[in-house]
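A.B. asks:
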Amino acid sequence: MTGVIELETVNETPETDTWIMRVPDHVCDREGFVRGTLVSMTIKDGGIQSRFIKPPSEKFQETSKILFEKNRKLYERLKQIGD
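Take a look at the structure:
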């Protein structure tokens, strides 16, 4: 499918001209990417640079959840002070 995707307008001015989008599952299947792959597109030097971002492994995601639960109060405090 070829088409035009309209990006949402937000009330912020980004520091870079970069967009990150999720690659549709059917495209991941066809191209051999892991489902959940993202693509980063940046306007630079009169062109577009792109990079595929694979999702973290299940082991990494599970470890992250464990660390988050263990340190939940710390993360909440950091969020309150803006870090």
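The sequence shown begins at 6 in my numbering and counts up by one. Glycine included, every Cβ here is placed at the ideal spot set by N, Cα and C. On a predicted model such as this, the values are computed, not experimentally measured, just so you know.
1) Among the candidates Phe38, Ile48 and Arg27, whose CA atom is the shortest distance from the CA of Thr21?
2) Can you give the beta carbon distance from Arg27 to Ser45, rounded, assuming they're within the 8 Å contact cut?
3) Verify whether the separation of the beta carbon atoms of Leu43 and Ile53 is less than 8 Å.
4) Closest by CA to Glu63, which one among Glu36, Gly41 and Tyr80?
5) Terminal residues of the continuous beta strand (DSSP E) containing Phe57?
6) Does DSSP classify Ser62 as helix, strand or coil?
C.D. replies: Per the coordinate set shown:
1) Measuring from the Cα of Thr21, the nearest candidate turns out to be Ile48.
2) With 8 Å as the limit, Arg27 and Ser45 do not qualify as a contact, their Cβ atoms being about 11 Å apart.
3) For Leu43 and Ile53, no; Cβs fall outside 8 Å.
4) Comparing Cα positions, the closest option is Gly41.
5) Looking at the DSSP string, the run of the beta strand (DSSP E) that includes Phe57 is Gly52 to Ile58.
6) If DSSP states are grouped into helix, strand and coil, Ser62 belongs with coil.
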